[in-house]
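If you want our numbering, it's the 1-based position in the sequence shown plus 1114. A short write-up of the structure that comes next.
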Amino acid sequence: MIIPESSNYWLKNAHIPACLLENGGENLSQTREGLSQVDLKIVQGKIQKITPSNDNLEDIPTIDLEKKIIFPCFVDVHTHLDKGHIWERSPNLTGTFENALTAVTNDSQIKRKPDDVYRRFEFALKCSYAHGTMAIRTHLDSSGEQGKINLQVAQELKKEWSDRLTLQAVCLVPLDYYQRPEGLVLADRLAEAGQILGGVAYMSPHLEEELQTVFKIAKERDMKLDLHVDENGDPNSRCLQKIAQATLDNDYINKVICGHCCSLAVQSQDVVKRTIELVKAAQIGIVSLPMCNLYLQDRQAGVTPFWRGITRVHELKAENISVCFASDNCRDPFYGFGDHDMLEVFRESVRIAHLDTPYADWSKSFTSNPAQLMGLPKSYGKIALNSSANLIIFRARYFSELFSRPQADRLVLREGKRIKAVVPEYSELDDLIFLN
Ligand SMILES: [Zn+2]
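Given below as structure tokens:
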């Protein structure tokens, strides 16, 4: 398939999830999987017309997609680009969460100079861009000197990649960090950089007090919050409920994202019901990280894992809570694989969380939902009139075809032009990874 160099052309007979079209594709017929067959007219890099497929031809180049699926470019709302791609030098040989923490801390103490962070971070951006992502939020380990380096690198790369990727950063420290003066310094640094306040919530006797401080800091600086929550299989881990309550108490509605929330899946129906009510009232966005959760949760040496580790995405979505899926860690001690490919995240999420039959509007959880939670312009994550033609064309016509191959030959269009980027060679990082 050749995309014309011309600035005006038609993409005919595309299959597009109706929920990703402007107005949810109303008035368009849909397949049982929610795909609508449409024609897109691209003019000067923008989508000028979206029509039901028809035989009308104009005297401009036309590509017949024969029902190939088009998605808007992806939005990856939860990553850790500062610590990715270190697996070979800092592997997690037991695969447990505890060992991941230790391995990452050791790696940071010995090896992460600015150039090291920069090159691995940029490697991740190259992968994301080549796979068709256009906006990324990354959490950054934020304690001490390493924290300063990570933010500085993120800011540099945000600027350098601004014509290709929208990048947001969130600081990552345990919540009790904000009880100390260095917590305020960190919050000021992030606020000054226009970024997001984050942290890891743990069930501790001081959690409510810690949350009061975090909300106070966020309100004073008008910062959004993005927290790591209940990343475990302990039914007594109820941080999500406490955060939702604190969000309501502080009148900070619609400004909080909670990632992971694994333990919600192992709690009693009563606790789940109450927590979901509070999350809904607080308009908290939930981000599930299925690949990383499946990898880390329920892992014990010599024991076959029993549960899948993900939160209750169906129950949350049924209450109209914004649910997203994202990459999380990549080739680091928290997750030994990954390539920053949101199609892989989608495919794995479908399998792990049974998002299929019906697929309904789950496509939004990888595109428009994260775009909205990140506060991006309305055109992100959607296929809308007059928005830039930032599209991915897959060599697949139905979801079964889409998810049965890696789709490594997908075409990514940015502003209507095919990008030439490919994923980088692993050997680019060899001098950083294979140290003597
Ligand atoms: Zn994370």
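Backbone N, C-alpha and C fix where the C-beta goes; we use that ideal spot for every residue, glycine too.
{"Query": "Grouping DSSP H, G and I as helix and E and B as strand, with all else coil, what is K1387?", "Result": "helix"}
{"Query": "To which residues does DSSP link K1160 through a beta bridge?", "Result": "V1157, S1502"}
{"Query": "Can we count G1399 as close to ligand 1, meaning its CB is less than 7 Å from some heavy atom?", "Result": "no"}
{"Query": "Given 7 Å as the limit, tell me if D1229 has its C-beta closer than that to any heavy atom belonging to ligand 1.", "Result": "no"}
{"Query": "I'd like to confirm something about L1490: is its beta-carbon nearer than 7 Å to some heavy atom of ligand 1, or not?", "Result": "no"}
{"Query": "State the beta-bridge partners of A1128 as determined by DSSP.", "Result": "V1152"}
{"Query": "Taking Cβ positions, are A1249 and A1485 nearer each other than 8 Å?", "Result": "yes"}
{"Query": "Could you give the first and the last residue of the continuous alpha helix (DSSP H) run that contains L1378?", "Result": "Neither: L1378 is in no alpha helix (DSSP H) and is coded neither H nor E."}
{"Query": "If you count every other CB in all the chains shown that lies within 10 Å of the CB of F1548, and 16 or more means buried, which is it?", "Result": "exposed"}
{"Query": "Pull every residue with its beta-carbon under 6 Å away from any heavy atom of ligand 1, and keep them in chain order.", "Result": "H1192, H1194, H1253, H1342, G1373, D1442"}
{"Query": "Taking one C-beta from the segment 1170-1185 and one from the segment 1119-1138 each time, how about it: are there three or more such pairs within less than 8 Å?", "Result": "yes"}
{"Query": "Of all Cβ atoms in chain D, is any one closer than 8 Å to the Cβ of D1446?", "Result": "Given the protein chain composition of this structure (a single chain), no chain D is represented."}
{"Query": "Taking three-plus beta-carbon pairs below 8 Å as touching, is the segment 1211-1227 in contact with the segment 1276-1286?", "Result": "no"}
{"Query": "In angstroms with no decimal places, state the Cα-to-Cα distance between H1089 and C1406.", "Result": "With the chain covering 1115 to 1550 only, the question about residue 1089 has no answer from this structure."}
{"Query": "Work out the CA separation of D1384 and I1183 for me, nearest whole Å.", "Result": "41 Å"}
{"Query": "Since I believe S1377 is in contact with G1347 (beta carbons under 8 Å), could you give me their beta-carbon distance rounded to a whole number of angstroms?", "Result": "6 Å"}
{"Query": "Under a three-way DSSP split, which group does V1393 fall into?", "Result": "helix"}
{"Query": "Select from E1515, L1487, R1528, P1538 the residue whose C-alpha is nearest the C-alpha of R1251.", "Result": "L1487"}
{"Query": "Looking at E1136: is its Cβ nearer than 8 Å to the Cβ of A1498?", "Result": "yes"}
{"Query": "Does the segment 1153-1173 come close enough to the segment 1214-1224 to have 3 or more Cβ pairs within less than 8 Å?", "Result": "no"}
{"Query": "Along the chain, where does the alpha helix (DSSP H) that runs through T1327 open and close?", "Result": "1321-1335"}
{"Query": "Among residues of its own chain, excluding the 5 on either side of G1495, which ones have a beta-carbon nearer than 6 Å to its beta-carbon?", "Result": "P1186, V1189, T1481, S1482, A1485"}
{"Query": "Would A1379 pass as a contact of I1424 if the rule is Cβ separation under 8 Å?", "Result": "yes"}
{"Query": "Measure the Cβ-Cβ separation of S1167 and Q1151 and say whether it is below 8 Å.", "Result": "yes"}
{"Query": "Beta-carbon within less than 7 Å of V1191's beta-carbon, same chain only, minus the 5 sequence neighbours each way: which residues are those?", "Result": "R1251, V1401, C1438, A1440, P1484, L1487, M1488"}
{"Query": "Could you give the first and the last residue of the continuous beta strand (DSSP E) run that contains I1177?", "Result": "1176-1178"}
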